[in-house]
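*Asks:* The following block contains the structure, expressed as structure tokens.
2 protein chains.
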Amino acid sequence: MSLLTVGTVAFDAIETPFGKTDKIVGGAATYIAWSASYFSERVNIVSIIGDDFDMKELELLRERGVNTEGIEIKSGKKSFFWSGKYHLDMNSRDTLITDLNVLLEFDPVIPESYWDSDVLLLGNIDPHLQLKVIMQLPERPKLVVMDTMNFWMTPDFINPLKEVIKKVDVLAINDAEARELSGEYSLVKAAKKILTMGPEYLIIKKGEHGALLFRENEVFFAPALPLDDVFDPTGAGDTFAGGFCGFIDKTRDISFENMKRAIIYGSTMASYCVEKFGTERLKHLTHKDIEDRVRSFIELVQFDIVLEG
Amino acid sequence: MSLLTVGTVAFDAIETPFGKTDKIVGGAATYIAWSASYFSERVNIVSIIGDDFDMKELELLRERGVNTEGIEIKSGKKSFFWSGKYHLDMNSRDTLITDLNVLLEFDPVIPESYWDSDVLLLGNIDPHLQLKVIMQLPERPKLVVMDTMNFWMTPDFINPLKEVIKKVDVLAINDAEARELSGEYSLVKAAKKILTMGPEYLIIKKGEHGALLFRENEVFFAPALPLDDVFDPTGAGDTFAGGFCGFIDKTRDISFENMKRAIIYGSTMASYCVEKFGTERLKHLTHKDIEDRVRSFIELVQFDIVLEG
Numbered sequence: 029m030s031l032l033t034v035g036t037v038a039f040d041a042i043e044t045p046f047g048k049t050d051k052i053v054g055g056a057a058t059y060i061a062w063s064a065s066y067f068s069e070r071v072n073i074v075s076i077i078g079d080d081f082d083m084k085e086l087e088l089l090r091e092r093g094v095n096t097e098g099i100e101i102k103s104g105k106k107s108f109f110w111s112g113k114y115h116l117d118m119n120s121r122d123t124l125i126t127d128l129n130v131l132l133e134f135d136p137v138i139p140e141s142y143w144d145s146d147v148l149l150l151g152n153i154d155p156h157l158q159l160k161v162i163m164q165l166p167e168r169p170k171l172v173v174m175d176t177m178n179f180w181m182t183p184d185f186i187n188p189l190k191e192v193i194k195k196v197d198v199l200a201i202n203d204a205e206a207r208e209l210s211g212e213y214s215l216v217k218a219a220k221k222i223l224t225m226g227p228e229y230l231i232i233k234k235g236e237h238g239a240l241l242f243r244e245n246e247v248f249f250a251p252a253l254p255l256d257d258v259f260d261p262t263g264a265g266d267t268f269a270g271g272f273c274g275f276i277d278k279t280r281d282i283s284f285e286n287m288k289r290a291i292i293y294g295s296t297m298a299s300y301c302v303e304k305f306g307t308e309r310l311k312h313l314t315h316k317d318i319e320d321r322v323r324s325f326i327e328l329v330q331f332d333i334v335l336e337g
Numbered sequence: 029m030s031l032l033t034v035g036t037v038a039f040d041a042i043e044t045p046f047g048k049t050d051k052i053v054g055g056a057a058t059y060i061a062w063s064a065s066y067f068s069e070r071v072n073i074v075s076i077i078g079d080d081f082d083m084k085e086l087e088l089l090r091e092r093g094v095n096t097e098g099i100e101i102k103s104g105k106k107s108f109f110w111s112g113k114y115h116l117d118m119n120s121r122d123t124l125i126t127d128l129n130v131l132l133e134f135d136p137v138i139p140e141s142y143w144d145s146d147v148l149l150l151g152n153i154d155p156h157l158q159l160k161v162i163m164q165l166p167e168r169p170k171l172v173v174m175d176t177m178n179f180w181m182t183p184d185f186i187n188p189l190k191e192v193i194k195k196v197d198v199l200a201i202n203d204a205e206a207r208e209l210s211g212e213y214s215l216v217k218a219a220k221k222i223l224t225m226g227p228e229y230l231i232i233k234k235g236e237h238g239a240l241l242f243r244e245n246e247v248f249f250a251p252a253l254p255l256d257d258v259f260d261p262t263g264a265g266d267t268f269a270g271g272f273c274g275f276i277d278k279t280r281d282i283s284f285e286n287m288k289r290a291i292i293y294g295s296t297m298a299s300y301c302v303e304k305f306g307t308e309r310l311k312h313l314t315h316k317d318i319e320d321r322v323r324s325f326i327e328l329v330q331f332d333i334v335l336e337g
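Chains as they are written, first to last, in the numbering used here: chain A, 29 to 337; chain B, 29 to 337.
This is how it looks when you write it as structure tokens:
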């Protein structure tokens, strides 16, 4: 049981109403790996970094069963760097700096030891690269899940993006992206349209307002856990996706019922992620922490109505 | 089993991305009465209208077991009129016209035939008037529920508002109002603070993002049903409150567990309300319509996780 993910491993500098950080370790694949490591036996990362990266952080990941063989280290080059500032509502942010650095040279190569991965999670990168990853695998994984963003829904990228979407089982995007991709304001109508584009499942992430899972005529909704404070939302979506895929990898069950459970586990991981800056909170969770919070989710939405007919 | 409500009975003119209406019948108490009439044996309205009002509309309400004895008709005067235009997101709107008209003279008198009402729902009006209603009842109803809005959270009204809040069992407001009333951005912190102000229960309505019910250390979340289109959100909050109170009145159970059910029934009524302009959709519901949609709510959030410990 193993999960293959491709995405950024990077530095972030984050400012929220609660404080600010210097350069800390971030990137979609980092959050995904930390989150999935609580479920998957092995998480295989494909990414690229410069030799300025904090190599101790890779060691920490390896200690949790993460395979970093597919992380290319470019000597003399700098890692991808993003800096952003969150508004009070924590649902909107301004990007202050985006230094692509090594990301400009990213040409993912999947090590042979990754080929038998059961679940593939394509983090949010150039759809041309996502396509290359799919093409390199001699055998299709049991489940292919894809994240993306509105940046790729522009004339230069929309065609390769649609080609990737056609090839995946699950597309996970946020509400604004679902609206942009479908041209529909209503999320129900947006979902119907997107499900004709290829994927069997669509997850629409609504941040603090929870997540929706669509499949044909079925729909499931999971709230976000109401928290005293959302300290830093960076990586919450990736952490959600990592927990979702990790849980499915662990349970080896891609039914709609199990995807619902996976969404609860993904939401659980995301609810921990936002409690501290960066990946800090994700580094020290116990099995009991996770179960306790899943229990809170159950209690949050549980009600008991007996209908007649 | 009867419900007493005080609030506006009025004319609205509404514009949404889907179309616009001429003057149609609206007002908080109208929506509340239609919604509650599917549950309560008797709904008692206290309100004020001008003789320009469409009296056939009162007849329709009476046919559904609504008592209109407490609706004062001012001859030669005009009914309250509100006109508004919704933005594409349907969560925000501009008020175009507010003609208070008879509302300026509103001095609620509770007919003796209303005195034995089991549940009191104070619609959103001047807190001085809400207080007058509570004071006139010789016996406290089993449950007192209150709606209000940010307009009353200003220096001229905040003290009487707080006095009413102190006297009610359930306060039902939206997320922006909860933030304004508490001075806390986090809804969890806002709820903790508001629950020290008097009410045992707090409902925070989040429109298309559902509703939260807080009590001491308990919290319950109910989503809004994802709909193909939200046609006209006017009155959705009142319809929710009417369904919530009606259900509690009918079931005679004010436990937390039953309030959770009441929130699902209130959300169900609101999901119908927004499907057409004004009260149109609320006029022709069947018991089966309501049960079918409650079933959709159950399916929407139902998942099955068995935890170890």
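Note that the Cβ used here is the ideal one computed from N, Cα and C, for glycine as well. Please read these numbers as outputs of a predicted model, since none were measured by experiment.
(1) Name the chain B residues that come within less than 7 Å of A:Asp-257, Cβ to Cβ?
(2) If we define contact as Cβ-Cβ less than 8 Å, is A:Lys-288 a contact residue for chain B?
(3) What separation, rounded to the nearest whole angstrom, lies between the Cα atoms of B:Thr-307 and B:Leu-241?
(4) Any beta carbon of chain A sitting closer than 8 Å to that of B:Lys-217?
(5) Kindly give me the distance between the Cβ atoms of A:Leu-148 and A:Val-172, rounded to whole angstroms, as I take these residues to be in contact under 8 Å.
(6) Select from the segment 233-244 of chain B all residues with a C-beta closer than 8 Å to any C-beta belonging to chain A, and list them in chain order.
(7) For B:Thr-314, which option in B:Gly-55, B:Ala-41, B:Thr-44 and B:Tyr-66 has the closest C-alpha, if you only look at C-alpha atoms?
(8) Give the DSSP-derived three-state secondary structure of B:Gly-265 in the structure shown.
(9) Report yes or no: do three or more beta-carbon pairs, one from the segment 271-284 of chain B and one from the segment 139-153 of chain B, lie closer than 8 Å?
(10) Where do the N-terminal and C-terminal ends of the alpha helix (DSSP H) with B:Arg-70 fall, by residue?
(11) Can you tell me where the alpha helix (DSSP H) holding B:Ala-290 begins and where it ends?
(12) Can you grab the Cα-Cα spacing for the pair A:Val-130 / A:Asp-40, in whole Å?
(13) Any C-beta of chain A within less than 7 Å: which residues of the segment 298-326 of chain B qualify?
(14) Under the assumption that B:Leu-230 contacts B:Leu-199 (Cβ atoms under 8 Å), give the Cβ distance between them as a whole number of angstroms.
(15) Where do the ends of the beta strand (DSSP E) carrying A:Ser-141 lie?
(16) Spell out the partners DSSP gives B:Ile-386 in its beta bridges.
(17) Smallest Cα separation from A:Leu-255: which of A:Asp-203, A:Leu-328 and A:Phe-272?
(18) Can you check whether the CB of B:Pro-251 is closer than 8 Å to the CB of B:Gly-238?
(19) Would you decide whether B:Arg-70 is buried or exposed? Buried here means 16 or more other CB atoms lie within 10 Å of its CB.
(20) Can you name the residues of chain A whose CB is closer than 9 Å to the CB of B:Glu-285?
(21) For A:Ala-204, count the other beta carbons within 10 Å of its own beta carbon; 16 or more makes it buried, fewer makes it exposed. Which is it?
(22) Name, going along the chain, the residues of the segment 260-278 of chain B whose beta-carbon falls closer than 8 Å to a beta-carbon of chain A.
(23) Between B:Glu-244, B:Leu-253 and B:Val-322, which lies nearest to B:Lys-284 when the distance is taken from Cα to Cα?
(24) Using 8 Å for Cβ pairs, my map puts A:Ile-77 next to A:Ile-101. What's the rounded Cβ distance?
(25) In chain A, which residues lie less than 7 Å from B:Leu-328 when you measure between Cβ atoms?
(26) For the beta strand (DSSP E) holding A:Glu-246, just list the boundary residues, first then last.
(27) Drop a sphere of 10 angstroms on the beta-carbon of B:Pro-183, count the other beta-carbons inside from all chains shown, and report buried for 16 or more, exposed for fewer.
(28) To the nearest angstrom, report how far apart B:Ala-206 and B:Ser-295 are at their CA atoms.
(29) Could you tell me the boundaries of the beta strand (DSSP E) in which A:Asn-202 lies?
(30) How do the segment 77-90 of chain A and the segment 132-139 of chain A stand: do at least 3 beta-carbon pairs fall below 8 Å, yes or no?
(31) With a threshold of 8 Å between beta carbons, is A:Glu-43 in contact with chain B?
(32) Less than 8 Å between the beta carbons of A:Val-94 and A:Ala-56, yes or no?
(33) Is the Cβ of A:Pro-254 closer than 8 Å to any Cβ of chain B?
(34) To test your reading of the DSSP string, which unbroken alpha helix (DSSP H) runs of 4 or more residues are found completely within the segment 167-215 of chain B?
(35) Output, in sequence order along the chain, the residues in the segment 101-129 of chain B whose CB is closer than 7 Å to any CB in chain A.
(36) Please report the distance separating the alpha-carbon of B:Lys-311 from that of B:Thr-267.
*Replies:* With the given structure in hand:
(1) Within chain B, the residues near A:Asp-257 are Ser-214.
(2) At least one chain B Cβ lies under 8 Å of A:Lys-288.
(3) Their Cα atoms are separated by approximately 26 Å.
(4) Yes, contact with chain A.
(5) About 5 Å; that satisfies the 8 Å criterion.
(6) Residues passing the 8 Å Cβ filter: Lys-234, His-237, Gly-238 and Leu-240.
(7) Comparing Cα-Cα distances from B:Thr-314 to each of B:Gly-55, B:Ala-41, B:Thr-44 and B:Tyr-66, the minimum goes to B:Tyr-66.
(8) Three-state DSSP puts B:Gly-265 in a helix.
(9) Yes, they touch.
(10) Boundaries around B:Arg-70 are those of the beta strand (DSSP E), 70-78, since no alpha helix (DSSP H) includes it.
(11) First-last of the alpha helix (DSSP H) with B:Ala-290: 284-301.
(12) A direct Cα-to-Cα measurement between A:Val-130 and A:Asp-40 gives close to 15 Å.
(13) Residues of the segment 298-326 of chain B that bring their beta carbon within less than 7 Å of a beta carbon in chain A comprise Glu-319, Val-322, Arg-323 and Ile-326, in sequence order.
(14) That pair is a contact at about 5 Å.
(15) Taken as a continuous stretch (DSSP letters only), A:Ser-141 belongs to no beta strand (DSSP E), as it is neither H nor E.
(16) In the structure displayed, chain B extends from 29 to 337; residue 386 of chain B sits before or after that span and is not available.
(17) Nearest to A:Leu-255 by alpha-carbon distance, out of A:Asp-203, A:Leu-328 and A:Phe-272, is A:Leu-328.
(18) The criterion of a C-beta distance shorter than 8 Å is satisfied by B:Gly-238 and B:Pro-251.
(19) Result: buried.
(20) Ordered by position in chain A, the residues that pass the 9 Å Cβ test against B:Glu-285 are Phe-331 and Asp-332.
(21) Counting of Cβ neighbours within 10 angstroms places A:Ala-204 among the exposed residues, the total staying below 16.
(22) None of the residues of the segment 260-278 of chain B has a beta carbon lying less than 8 Å from any beta carbon of chain A.
(23) It is Phe, not Lys, that sits at residue 284 of chain B in the sequence shown. If we check each option's Cα against that of B:Phe-284, B:Glu-244 comes out closest.
(24) Between A:Ile-77 and A:Ile-101 a beta carbon distance of about 6 Å is seen, short of the 8 Å cut, so the two are scored as contacting.
(25) Per Cβ cutoff of 7 Å: Val-247, Phe-248 and Phe-249.
(26) In the DSSP annotation of this structure, the continuous segment of the beta strand (DSSP E) that includes A:Glu-246 starts and ends at 246-250.
(27) Under the 10 Å beta carbon count, B:Pro-183 is surrounded by fewer than 16 other beta carbons and is classified as exposed.
(28) It is roughly 19 Å from the alpha-carbon of B:Ala-206 to the alpha-carbon of B:Ser-295.
(29) From DSSP, the beta strand (DSSP E) with A:Asn-202 extends over 198-202.
(30) The count of Cβ pairs closer than 8 Å, one atom from the segment 77-90 of chain A and one from the segment 132-139 of chain A, stays below three, leaving the stretches out of contact.
(31) Not closer than 8 Å to any Cβ of chain B, the Cβ of A:Glu-43 fails to qualify, so no.
(32) Not a contact, by the Cβ cut-off of 8 Å.
(33) Yes, because at least one Cβ of chain B sits closer than 8 Å to the Cβ of A:Pro-254.
(34) Unbroken alpha helix (DSSP H) stretches of 4 residues or longer found wholly inside the segment 167-215 of chain B: 186-195 and 203-210, given in chain order.
(35) Considering only beta carbons, the part of the segment 101-129 of chain B lying closer than 7 Å to chain A consists of Leu-116, in chain order.
(36) Between the C-alpha atoms of B:Lys-311 and B:Thr-267 there is a straight-line separation of about 12 Å.
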